[in-house]
Amino acid sequence: TAHVSVLGEDGSAVAATSTINTPFGAMVYSPRTGILLNNELLDLCRRHKPTSTLTPPPVPGERPPSSMVPSILVNKGRGSKLVIGGAGGELIISAVAQTIMNKLWLGFDLTEAIAAPILHVNGKGHVEYEPKFNQEVQKGLQDRGQSQSRSQRPIFLNAVQAVFQDGPCIYAASDLRKAGKASGY
Amino acid sequence: MAWGSRATICLVLLGVVLGLVIIVLAAVLSHRQASCGPSAFTRAAVAADSEICSDIGRAILQQRGSPVDATIAALICTGVVNPQSMGLGGGVVFTIYNASTGKVEVINARETVPASYDQRLLDQCKNALPLGTGAQWIGVPGELRGYAEAHRRHGRLPWAQLFQPTIALLREGFRVPFILSQFLNNSILRPFLYSSTLRQLFFNGTETLRAQDPFPWPALANTLETVAKEGAEALYTGMLGHMLVKDIAQQGSQLTVQDLATFQAEVVEPLEMPLGNYTLYSPPPPAGGAILSFILNVLKGFNFSAETVARPEGKVNVYHHLVETLKFAVGQRWRLWDPSSHPGIQNISLDLLREDLAQRIRQQIDSRGDHQLSHYNLSGIRGNGMG
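As given, the protein sequences belong to chains A and B, one line each in that order.
Residue numbers 1 to 185, in the working numbering, belong to the letters of the first sequence in order.
Residue numbers 1 to 387, in the working numbering, belong to the letters of the second sequence in order.
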């Protein structure tokens, strides 16, 4: 998955998230068109109600559920807005939520808000910590009974891109986890 | 003579006024730059996951392109620079804010289930996870129809102009980017890549391409040139679609040219939720906006601030509430099913934005993190790795 955030000169904004689900998707290549095909239908495997383990059959035309959240937050009074989204499969929502919390509530600047290591809660309610996540906080959470996932995720693929407009000032940041870099003028 | 000296005086005055204007402008801009800080921009910006694609998006804006034009150009570029992450064989969701109308809309071009698919598909889930390789998992690609709809509604520059920078990138000595080379040489992915049809693209004999190896990818450059010239229809109702379907049918795909022809991007209202002084606009199901809104709506009620995290105990407290909220959120993911395919669950995602639900959840969050899974409505949940 990849995300692009754009803010235009008139204040219009676009957040767009595009996805190849897992790295290289279905790993099926069309040599004559040069197109790699995604494995979107894999997301059908995870849609079932909490009270049952039955997964309803696919419906032709159905769009599988997704973690993609290209979002725009607008503060009309202050003339500010945050154009944000991310990549990384099920980590997307955890990463975007923590970036928004860091930026709008905890006083981080945009680059710090994106770079701060994240934590994630998996389907079993266990906590997964991105490498370099604050050890002191991890210890404090364990003391409160939060259970850490035993199987550490081999690689955290979360990557957030965002543009923040605060009146006349425009800040843009791309995730260094993916060697990203934003541009502006 | 008198006329001449009057003209001279006017010219001098004009010069002085112009000089003053320039000085004032420079002062204002430098003051603004100073007050915004060195890393700020003053007019526009693009944040993509590579510098080269952010630059391509910025150039489109500087050519008087619209933000949607810039986004499309940056996405086309990213499909080449980070092909492990996205491309024309995937799907895209746009959230678009129009400053002159204040309106926000979502364009959803996520892939769909084809008309015919492997009837035993979901029996293969357990063995397929986590990588999901194989043609049976291919949906109907939505990417280009998503671009076309966004451009039709919000584009300013000619469609072809959005493709030129990436075509030039490929035609003028493109080399394997570092991040792509990392994925190609990943010990988990590499054997799968080698035994797939991607071998012809990413391997030199038995060796994967390395960073900075030449990577011209002519087949994609040709496709981009055709789409630039003929539009998205070249893929959805034209020759490219026939070639694509034929290529992947040989690998077991049941995708048909009818699937491509009938694919439609949908334009929908965003979810809209007040978040303090902000309004959060996010994409409805099957995208994840309802879950994101739920998480932020619950957390908002704890009134975290920079002071909260100034003390270590305060930081632990913030993350404890975050973990607890994420646990409740995981238990709600089932609400993201596609409402157009599951009429029985129309709008159940809207419940997630309600303040009374957020209030109820906050009341269930105490200082302990070892409640039973049923406390969070998590019992029976398996891995939820939706991408």
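For each residue, glycine too, the CB sits at the ideal point set by N, CA and C.
B/I295 sits close to A/I93, with the two beta carbons spaced by under 8 Å. For the segment 50 to 137 of chain A, the continuous alpha helix (DSSP H) assignments of 4+ residues that do not extend past its boundaries occur at 91 to 104, 110 to 115, in sequence order. Here DSSP, grouped into helix, strand and coil, assigns A/K181 to coil. Close to B/D247, with beta-carbon spacing below 9 Å, are these residues of chain A in chain order: V28, Y29, S30, P31, R32, T33, I35. Boundaries for B/Y97: no alpha helix (DSSP H) harbours it, while the beta strand (DSSP E) harbouring it runs 91 to 98, taken from the DSSP string.
In the DSSP assignment, B/V104 is bridged to B/Y97. When the beta-carbon positions are compared, B/Y281 and B/T95 come within less than 8 Å of each other. For B/E51, the enclosing alpha helix (DSSP H) starts and ends at 51 to 62. Close to B/L352, with beta-carbon spacing below 9 Å, lies no residue of chain A; the smallest spacing is near 12 Å.
Taking the beta carbon of B/W159 as reference, no residue of chain A falls within 8 Å; the closest one sits roughly 16 Å away. The beta carbon of B/L122 falls within 8 Å of a beta carbon belonging to chain A, placing the residue at that interface. Within chain A, no C-beta atom comes less than 7 Å from the C-beta of B/I167; the nearest is roughly 12 Å away.
Straight-line measurement puts the Cα of B/G15 at about 58 Å from the Cα of B/Q84.
Two segments are said to touch when three or more pairs of C-beta atoms, one from each, lie closer than 8 Å; by this definition the segment 171 to 190 of chain B touches the segment 206 to 217 of chain B. At least one C-beta of chain B is nearer than 8 Å to the C-beta of A/A182.
The segment 223 to 238 of chain B makes no contact with the segment 106 to 114 of chain B, as fewer than three CB pairs between them are under 8 Å. The closest CA to that of B/P216, considering only B/Q250, B/R175, B/G252, B/M243, is found on B/R175.
A direct Cα-Cα distance of roughly 53 Å separates A/I84 from B/C10. A contact between stretches requires three or more CB pairs, one per stretch, nearer than 8 Å, and the segment 13 to 27 of chain A fails this requirement with the segment 112 to 119 of chain B. Contact check between the segment 346 to 365 of chain B and the segment 108 to 127 of chain A: fewer than three CB pairs, one atom from each, fall below 8 Å, which does not count as touching.
As the crow flies, the alpha-carbon of A/T22 is around 8 Å from that of B/P130. DSSP places B/L88 outside both helix and strand once states are collapsed to three, so it counts as coil. Nearest neighbour of A/R32 by Cα position, chosen from B/A150, B/S54, B/A40, B/Q200, turns out to be B/Q200. Contact between B/L13 and B/V80 does not hold, since the beta-carbon distance rounds to 56 Å and is not under 8 Å. For B/Q258, no beta strand (DSSP E) run applies; the uninterrupted alpha helix (DSSP H) run containing it begins and ends at 257 to 262, by DSSP. Here B/A44 is near A/Y185, since their CB atoms are less than 8 Å apart. Under a 10 Å Cβ-count criterion, B/V17 is classified as exposed, with fewer than 16 other Cβ atoms of the shown protein chains found around its own Cβ.
The criterion of a C-beta distance shorter than 8 Å is not satisfied by B/P283 and B/V104. Residue-level contact by beta carbon holds for B/Q251 and chain A, with a gap shorter than 8 Å. As the crow flies, the alpha-carbon of B/S66 is around 48 Å from that of B/S374. Put simply, the segment 295 to 310 of chain B touches the segment 318 to 329 of chain B. At least three CB pairs are less than 8 Å apart. Annotation: Cβ neighbours of B/V309 in chain A (cutoff 7 Å, chain order): L106. For A/F156, the nearest beta carbon of chain B is not closer than 8 Å to its own beta carbon. Look at B/Y147 here: in three-state DSSP terms it is helix. At a Cβ-Cβ threshold of 8 Å, A/G34 and B/A234 do not count as neighbours.
Residues of the segment 164 to 178 of chain A with a Cβ closer than 7 Å to any Cβ of chain B, in chain order: P168, C169, I170, Y171, A172, A173, S174, D175, K178.
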